[in-house]
Amino acid sequence: MPKKFLQYMEGTNGLYEIRVELGSNIYRIFCCFDEGKLVVLFNGFQKKTQKTPKAEIERAEKLKAEYFGQK
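Start counting the sequence shown at 101; every next residue gets the next number (the numbering used here).
Right, here's the structure in full:
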């Protein structure tokens, strides 16, 4: 998949960011891979600044830990 749509989030433990543009709005959805096959979607948000909010990254990391903890 082109980096334009899916990008690894530096400084995280396996989180990726899906980029979606709809009209003039930009949305981001955090995800990860499970055993290299399944893409697990976590939280998403509307991006309004250049920098991804730290709280959104922390929320995605928490959801990822919960997912793999229950697996």
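Glycine included, every Cβ here is placed at the ideal spot set by N, Cα and C.
Range of the contiguous alpha helix (DSSP H) that encloses residue i
i: Leu115; result: Per DSSP, Leu115 belongs to no alpha helix (DSSP H) and is neither H nor E.
i: Lys168; result: What sits at residue 168 in the sequence shown is Phe, not Lys. Where Phe168 is concerned, the enclosing alpha helix (DSSP H) stretches over 154-170.
Alpha carbon of residue i to alpha carbon of residue j, nearest angstrom
i: Thr112; j: Arg119; result: 17 angstroms
i: Lys154; j: Asp134; result: 23 angstroms
i: Leu141; j: Lys103; result: 17 angstroms
i: Thr60; j: Ile129; result: Residue 60 is absent from the model: the chain starts at 101 and stops at 171.
i: Gly121; j: Cys131; result: The sequence shown places Glu at residue 121, not Gly. Approximately 17 angstroms between the Cα atoms of the pair.
i: Phe145; j: Tyr127; result: 6 angstroms
Endpoints, the beta strand (DSSP E) within which residue i is located
i: Gly144; result: 138-146
i: Gln107; result: 106-108
Option in the options with minimal Cα separation from residue i
i: Gly136; options: Arg159, Leu115, Glu161, Leu163; result: Leu115
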